[in-house]
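Everything in the sequence shown is counted per our numbering, starting at 16 for the first residue and increasing by one.
All C-beta atoms in this analysis are idealised placements derived from N, C-alpha and C, irrespective of residue type, glycine included.
In this text, all values refer to a predicted model and were calculated from it rather than measured experimentally.
Structure, as structure tokens:
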Amino acid sequence: MATVRTTGLDRLQQKLAKRFSDFALRKFFPRAHSTFSIKIKGIDNLLLKHEMYADCTYEYADTYPRDFLIRIDNTLNPEMFIKTLAHEITHVKQWGKSEMKTYERNYKITRWHKDKINHEQLLYYDMPWEIEAHGREFGLYAQFVEMNEDMREIIDGTATDYKLQRHAQMVLF
Numbered sequence: 016m017a018t019v020r021t022t023g024l025d026r027l028q029q030k031l032a033k034r035f036s037d038f039a040l041r042k043f044f045p046r047a048h049s050t051f052s053i054k055i056k057g058i059d060n061l062l063l064k065h066e067m068y069a070d071c072t073y074e075y076a077d078t079y080p081r082d083f084l085i086r087i088d089n090t091l092n093p094e095m096f097i098k099t100l101a102h103e104i105t106h107v108k109q110w111g112k113s114e115m116k117t118y119e120r121n122y123k124i125t126r127w128h129k130d131k132i133n134h135e136q137l138l139y140y141d142m143p144w145e146i147e148a149h150g151r152e153f154g155l156y157a158q159f160v161e162m163n164e165d166m167r168e169i170i171d172g173t174a175t176d177y178k179l180q181r182h183a184q185m186v187l188f
């Protein structure tokens, strides 16, 4: 099991964070998930203060990064909390498998697979690592809920702001 530490989260969020992180890391790194260390730090109203649900950083490593910090808005409902964590752990996968590398000397350049990409030339939603992370949010969430029946009631019982419509489109009701 990966080392997952939490701060600034309530008990439900801690349980969700630890269980989801272990699930996702086992999925992305079947043989090496135990080598990861993730600190998940809940921040009050991160969305209101900094206009983001979460972010993810890592400690510099000579080879593949293994120590990560995820800061997440601790006011999110359980469904959005898990989907946001799915997005950030997808970035953990990207860095951990060396699919993505941010250059230490020039943070404007990121290597994505074999291509060097300048952040200033792309909008956020056009960055390939963000396309993958956004694309995985719902799928990882659905798999997690399906595999964790004991948590479904907790998640479904408190995440009532959204309702799935036909074609998996989420609408506020």
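6 Å CB neighbourhood of residue i in its chain, flanking five on each side removed
{"i": "Thr-18", "result": "Ser-52"}
{"i": "Met-110", "result": "Residue 110 is actually Trp in this sequence, not Met. Cβ within range, chain order: Tyr-73 and Pro-80."}
{"i": "Arg-181", "result": "With a pLDDT of 35 at Arg-181, under the threshold of 50, the predicted position of this residue should be treated as unreliable, though the coordinate-derived value follows. If we look at Arg-181 and ignore the five residues flanking it on each side, it has no Cβ neighbours."}
{"i": "Lys-131", "result": "Ile-124"}
Cβ-based neighbour list, residue i, same chain, cut-off 7 Å, excluding 5 preceding and 5 following
{"i": "Lys-108", "result": "Phe-43"}
{"i": "Gly-154", "result": "none"}
{"i": "Thr-117", "result": "Thr-125"}
{"i": "Ser-113", "result": "Tyr-79"}
{"i": "Gln-28", "result": "Gly-57, Asn-89 and Phe-96"}
{"i": "Glu-152", "result": "Lys-98, Ala-101 and His-102"}
{"i": "Phe-159", "result": "Phe-35, Phe-38 and Ile-97"}
{"i": "Asp-1", "result": "No information on residue 1 is available, as it lies outside the stretch 16 to 188 that the chain covers here."}
{"i": "Glu-145", "result": "Tyr-139"}
{"i": "His-169", "result": "The identity of residue 169 in the sequence shown is Ile, whereas the question assumes His. Same-chain partners within the cutoff: Leu-27 and Pro-93."}
Counted within 10 angstroms of its Cβ, other Cβ atoms place residue i as buried (16 or more) or exposed
{"i": "Asn-89", "result": "buried"}
{"i": "Leu-138", "result": "exposed"}
{"i": "Thr-21", "result": "buried"}
{"i": "Leu-31", "result": "buried"}
{"i": "Thr-99", "result": "buried"}
{"i": "Thr-173", "result": "For Thr-173, the pLDDT reaches just 47, beneath the cut-off of 50, and the residue's location in the model is therefore unreliable, although a value from the coordinates is still provided. Exposed, because fewer than 16 other Cβ atoms sit within 10 Å of the Cβ of Thr-173."}
{"i": "Pro-93", "result": "buried"}
{"i": "Met-162", "result": "exposed"}
{"i": "Arg-120", "result": "exposed"}
{"i": "Gly-150", "result": "exposed"}
{"i": "Leu-63", "result": "exposed"}
{"i": "Ala-183", "result": "Any reading at Ala-183 needs caution, since the residue's pLDDT is 40, under 50, leaving its predicted position unreliable; the model's value is listed next. Classification for Ala-183: exposed."}
{"i": "Lys-33", "result": "buried"}
{"i": "Tyr-156", "result": "buried"}
{"i": "Arg-86", "result": "buried"}
Collapsed DSSP secondary structure at residue i in the structure displayed
{"i": "Asp-141", "result": "helix"}
{"i": "Thr-173", "result": "Bear in mind that a pLDDT of 47 at Thr-173, under 50, signals an unreliable position, so the model cannot answer this."}
{"i": "Tyr-73", "result": "strand"}
{"i": "Asp-88", "result": "strand"}
{"i": "Thr-105", "result": "helix"}
{"i": "Ser-113", "result": "coil"}
{"i": "Arg-46", "result": "coil"}
{"i": "Asp-82", "result": "strand"}
{"i": "Gly-57", "result": "strand"}
{"i": "Lys-30", "result": "helix"}
{"i": "Arg-20", "result": "strand"}
Beta-carbon proximity list for residue i, same chain, < 8 Å, skipping 5 on both sides
{"i": "Ala-147", "result": "Reading the sequence as shown, one finds Glu at residue 147 and not Ala. Counting only Cβ-Cβ distances below 8 Å, and skipping sequence neighbours, we find Thr-105 and Gln-109."}
{"i": "Glu-135", "result": "Lys-123"}
{"i": "Asn-133", "result": "Lys-123 and Ile-124"}
Residue-level contact to chain E via CB, residue i, 9 Å cutoff
{"i": "Lys-30", "result": "As a matter of chain content, chain E is missing from the structure shown, which is built from one protein chain."}
(message) Across the segment 123 to 132 and the segment 63 to 72, are there enough close Cβ pairs to call them in contact, namely three or more that are closer than 8 Å?
(response) Not touching, per the Cβ criterion.
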